[in-house]
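The opening residue of the sequence shown carries number 581 in this note's numbering; numbering runs sequentially from there. Where is the CB? At the ideal position from N, CA and C, for every residue including glycine.
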Amino acid sequence: MKTVIIYESKHHGNTKKVCDRVAAECRAELIEAGRVDSNFNWEDYDLVGFASGIAYSKFYDSVSRVAEQIPAGKGTFFIYTCAKNDKDFAAKIKKVVEKRGAKCLGSYGCRGFNTYGPLKLIGGMNKSNPNEDELKAAVEFVKKVEETYEK
């Protein structure tokens, strides 16, 4: 099985940290969302992950734009980092890929270090996130998705 994760990681690199760990342990390929163009060959991959930090309760626009191109039938999953992990921030992007006919296989979110706006004045929040437990959980999530999709 060949897995790709299309991601964007701004701010403090929280999402990239998660993606790097997943890629290393699950042998997934990482591609920055801004590098995906109309010549991208979706057929090279069995499973497509979309990963992003969360801004204004949604995935970054660059990741959402790529999701709007996914062909029908692809298996997808979602990874995100956020300031407060209190809801499924992948809900909007899931609707985008489902509308295209792709299969949504789940989402994983964890907290990330955040110094946005006034938080910068107090040194930010979630300074130790994503932590080791969250990185391990992300890897386990992707392994489970891969196993489920193979069946």
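Candidates Tyr636, Asp668 and Trp622, of which the one nearest Ala647 by Cα: Trp622
Top-ranked residue by Cα proximity to Thr661, from Lys582, Met581 and Lys590: Lys590
Rounded straight-line distance, which links the Cα of Ala670 to that of Asp641: 13 Å
Cut-off 8 Å between Cβ atoms - residues of its own chain near Val598, not counting five sequence neighbours on either side: Ala631, Ile659, Thr661, Cys690, Pro710, Glu714, Leu715 and Ala718
CA-to-CA distance, Arg601 to Glu712, given in whole angstroms: 10 Å
Cβ shell of Cys606 (< 8 Å), same chain only, five flanking positions each side left out: Thr583, Val719, Val722, Lys723 and Glu726
Option in Asp617, Val628 and Thr595 with minimal Cα separation from Ala608: Val628
Boundaries of the beta strand (DSSP E) in which Arg691 is found, first to last residue: Lys683 to Arg691
Cβ neighbours of Asp626 in the same chain (closer than 6 Å, five flanking residues each side left out): Met581 and Lys582
Backbone CA spacing between Ile586 and Tyr636 [nearest angstrom]: 20 Å
C-beta contact flag for Phe567 and Ile673 at 7 Å: Residue 567 lies beyond the stretch modelled for the chain, which goes from 581 to 731, so this question has no answer here.
Ser644, DSSP secondary structure in three states: helix
For Lys683 and Glu730, the rounded distance between their alpha carbons: 13 Å
Distance between Asp668 and Gly686 (C-alpha atoms, nearest Å): 10 Å
Collapsed DSSP secondary structure at Gly629 in the structure displayed: strand
Residues bridged to Ala663 (per DSSP): Answer is none; Ala663 lacks a bridge partner.
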